[in-house]
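2 protein chains.
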Amino acid sequence: MKLGFIGLGAMGRPMAEHLLRAGHELAVWGRRPQSMAPLVEAGAVAYASPAELAQQAEIVFTMVTAGEDVARLALGQDGLIHGLAAGAIHVDMSTIAPETSRDIAVRLAGKGMGMLDAPVSGGPVGAQNATLSIMVGGSAADLDRVRPLFELLGKTIVHVGGQGAGQVAKACNQMVMVAAIAASAEALCLAAAEGVDPARVHAALAAGSAASRVLDVFGARMVKRDFAAGVEARLHHKDFGILLDEAHRLGCPLPIAAQVGQQLNALMGMGWGRMDAAVLLRVAEASCRRN
Amino acid sequence: MKLGFIGLGAMGRPMAEHLLRAGHELAVWGRRPQSMAPLVEAGAVAYASPAELAQQAEIVFTMVTAGEDVARLALGQDGLIHGLAAGAIHVDMSTIAPETSRDIAVRLAGKGMGMLDAPVSGGPVGAQNATLSIMVGGSAADLDRVRPLFELLGKTIVHVGGQGAGQVAKACNQMVMVAAIAASAEALCLAAAEGVDPARVHAALAAGSAASRVLDVFGARMVKRDFAAGVEARLHHKDFGILLDEAHRLGCPLPIAAQVGQQLNALMGMGWGRMDAAVLLRVAEASCRRN
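If you're matching them up, the sequences are chains A and B in order.
Its first residue numbered 1, the first sequence is counted upward by one per residue in this note's numbering.
Its first residue numbered 292, the second sequence is counted upward by one per residue in this note's numbering.
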């Protein structure tokens with residue numbers, strides 16, 4: 001198929017490579033030409049604007065950080081809306097506010113264009129190994145057309161509901177995941193304050209009712225004090241801004257998430273945003289008694 | 292071996308039955324004679340006080356709810372300390388404050404008696420199926436003697452550290468587990484407020500980075516709105532009292548656990564203490580917009 005891809009960073013680049021390797025024609029665009037170079041070398045074609053790229057593609061993927069960037073790419077002066085044919089689909093795999101995603105979908109629908117919100121969990125490693133979990137909002141018909149491409153990128157594809165529902169699921173995922181990281185950090189901090197070896201506590205917890213992927217992955221990083229980034233914690237901070245804004249907009253109190261958001265604020269205040277979220281252990285330790 | 296068991300409730304009774312079935316001589320004591328009846332029918336012998344029971348046993352297990360009850364059983368007027376021989380071991384499998392456990396251990400050690408704190412995770416189902424996770428604090432020598440008995444009760448036995456360390460690990464386990472339940476409740480509540488099907492969100496999360504035993508077990512109960520007790524939530528409320536007291540004593544701030552503790556306070560305030568902790572969903576919903 002004729003595809004487009006915008007946003008060739010730590011996540012987008014390996015995803016675009018999977019699509020290209022599967023034999024699809026791939027159009028790319030980037031603000032920085034050097035971000036496109038490896039894809040172009042591998043056979044992708046670079047275009048001068050999102051609109052020009054969109055003219056070449058039946059399905060265009062975006063994978064960027066901020067909601068305003070997705071809106072600009074889709075609806076701006078040189079945006080996808082000015083190049084996509086009726087019947088083409090914009091698949092946004094970024095993590096942005098459900099409201100922003102729904103707004104873009106409505107504008108595109110006005111010109112007969114489809115849209116799916118399809119944020120992912122799994123991080124750069126999941127992108128490289130094509131093992132992402134993809135949470136999809138939008139119509140079943142659009143998803144049917146895009147599904148074979150999603151299958152090149154991830155191992156689990158869940159159709160959560162209508163437009164924006166993928167973003168809602170992603171917000172829920174981040175709430176649960178980062179709350180688990182923050183709670184694990186507090187637990188290991190309490191263990192240390194009690195004079196008990198955090199590695200032994202981690203081993204005890206991994207076997208019981210508290211067992212989780214977070215405890216396996218982030219708990220182990222905390223025990224080894226390995227705070228190098230898997231996913232940069234500043235992205236979790238961004239995600240919590242989105243979900244706490246949603247809570248405010250809806251009148252839906254999220255007391256645990258609010259507290260986790262404050263821990264992420266502290267993490268950013270300490271200048272650790274480019275480290276892994278396991279560094280929440282250091283946030284907890286910063287004000288906790290040492291033995 | 293000659294064993295004793297005190298505390299024949301939802302947890303203790305199946306555990307005592309496993310010990311008896313393995314061929315050990317079992318002495319039992321209970322405040323309420325009827326709690327002992329099924330064990331006595333199966334071959335255990337009832338005694339008139341903890342002290343009298345202790346005279347018959349090399350190793351005595353206790354499995355009760357409150358720390359003050361463990362202290363009274365161990366050190367009170369008719370307590371174990373007045374019956375155990377030097378070299379005998381008190382194995383407390385209750386979930387109590389590390390400090391209380393250490394105090395009992397010191398008093399027993401003064402008479403040459405051993406003590407292990409060995410709280411468990413897994414609930415009544417784990418007790419029945421002998422699949423508990425057992426978190427042990429105390430000396431390696433005492434654990435070596437008790438280990439064959441623990442192997443009749445659980446499938447994972449972790450020696451966390453010295454006396455009290457098992458209780459510290461259990462406190463950490465409860466922090467991480469109940470925080471995950473509370474965060475899952477908030478997430479499903481946000482999904483509903485967004486007009487998205489919580490069952491689909493649960494399915495999406497179960498496949499990704501937020502995956503956990505809590506999400507599998509408690510998330511599924513929330514989706515089915517099945518709030519009948521696995522473990523009664525009032526016990527989690529009790530555990531949070533312990534761990535927040537520890538945090539206060541040590542000067543160790545636990546902001547996430549503190550907020551979870553408030554949610555458990557709300558749960559108790561609503562009169563739901565005998566339900567499963569999955570009812571934290573209803574606590575979250577109580578103040579959240581409905582669609």
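For glycine and all other residues, C-beta sits at the position ideal for the given N, C-alpha and C.
Check	Outcome
Residue span of the alpha helix (DSSP H) that contains B/PHE441, given as start and end	431-444
Contacts around A/LEU254, its chain only, beta-carbon distance under 6 angstroms, and the 5 residues preceding and following it disregarded	ALA247
Minimum Cβ-Cβ distance from B/ASP435 to chain A less than 9 angstroms	no
Cβ-based neighbour list, B/GLY497, same chain, cut-off 8 angstroms, excluding 5 preceding and 5 following	Correcting the residue identity first, residue 497 of chain B is Ala in this sequence and not Gly. The residues are LEU506, ASP507, GLY510.
Residue from B/ALA301, B/ALA476, B/MET513, B/ILE425 whose Cα sits closest to the Cα of A/VAL201	B/ILE425
The segment 546-557 of chain B contacting the segment 256-276 of chain A, beta-carbon criterion three pairs below 8 angstroms	yes
Residues bridged to B/GLU523 [DSSP beta-bridge criterion]	B/ASP567
Validate contact between the segment 115-129 of chain A and the segment 7-23 of chain A using beta carbons, cut 8 angstroms, 3 pairs	yes
Partner residues on chain A for B/ALA471, Cβ-Cβ distance less than 8 angstroms	VAL176, ALA179, ALA180, ALA183, ALA210, SER212
Nearest-angstrom Cα separation, counted from B/GLY532 out to B/GLY499	32 angstroms
Contacts around B/GLU442, its chain only, beta-carbon distance under 8 angstroms, and the 5 residues preceding and following it disregarded	ILE448
Minimum Cβ-Cβ distance from B/MET306 to chain A less than 9 angstroms	no
Rounded straight-line distance, which links the Cα of B/GLY560 to that of A/ALA118	40 angstroms
Start-end ranges of the alpha helix (DSSP H) lying completely within the segment 108-136 of chain A, minimum 4 residues	123-129
A/ASP197: contacting residues in chain B (beta-carbon distance under 9 angstroms)	VAL451, GLY452, ALA456
Three or more C-beta pairs below 8 angstroms linking the segment 226-238 of chain A and the segment 292-299 of chain B	no
Unbroken stretches of the alpha helix (DSSP H), 4 residues or longer, contained in the segment 481-529 of chain B	489-497, 511-515
Straight-line gap, B/HIS373 to B/ARG436 (C-alpha atoms, nearest Å)	22 angstroms
When B/MET513, B/ASP360, B/ALA328 are compared against B/ILE387, the one with the closest alpha-carbon	B/ASP360
Length of the line joining the Cα atoms of A/LYS155 and A/ALA22	16 angstroms
Alpha carbon of A/ALA16 to alpha carbon of A/ASP226, nearest angstrom	29 angstroms
CB of B/ILE395 within 9 angstroms of CB of B/LEU375, strictly	no
Interface flag, A/GLY122 vs chain B, CB-CB below 9 angstroms	yes
Supposed contact pair A/LEU190 and B/CYS543 - C-beta distance, whole angstroms, cut 8 angstroms	6 angstroms
Contact set between the segment 544-560 of chain B and chain A, restricted to residues whose Cβ is under 9 angstroms from the partner	PRO544, LEU545, PRO546, ILE547, ALA548, ALA549, GLN550, VAL551, GLN553, GLN554
Limits of the beta strand (DSSP E) - the one that B/ALA548 falls within	From DSSP, B/ALA548 is part of no beta strand (DSSP E) but of the alpha helix (DSSP H) over 546-560.
Within 9 angstroms, strictly: CB atoms of B/GLN465 and B/GLY428	no
Within chain B, the residues that A/GLY135 reaches when beta carbons sit closer than 7 angstroms	Note that residue 135 of chain A is Met in the sequence shown, not Gly. Those are ALA495, listed as they occur along chain B.
Rounded straight-line distance, which links the Cα of B/TRP320 to that of B/SER385	16 angstroms
Beta carbon proximity, A/GLY251 to chain B, threshold 9 angstroms	yes
Within-9 angstroms CB hit, B/LEU444 to chain A	no
When A/PRO98, A/ARG213, A/TRP272 are compared against A/MET177, the one with the closest alpha-carbon	A/ARG213
For B/LYS293 and B/ILE350, the rounded distance between their alpha carbons	7 angstroms
Beta-bridge partners of A/LYS2, as assigned by DSSP	A/GLU25
Supposed close pair A/ILE89, A/GLY114 - CB separation, criterion 8 angstroms	4 angstroms
For B/ILE472, three-class secondary structure by DSSP	helix
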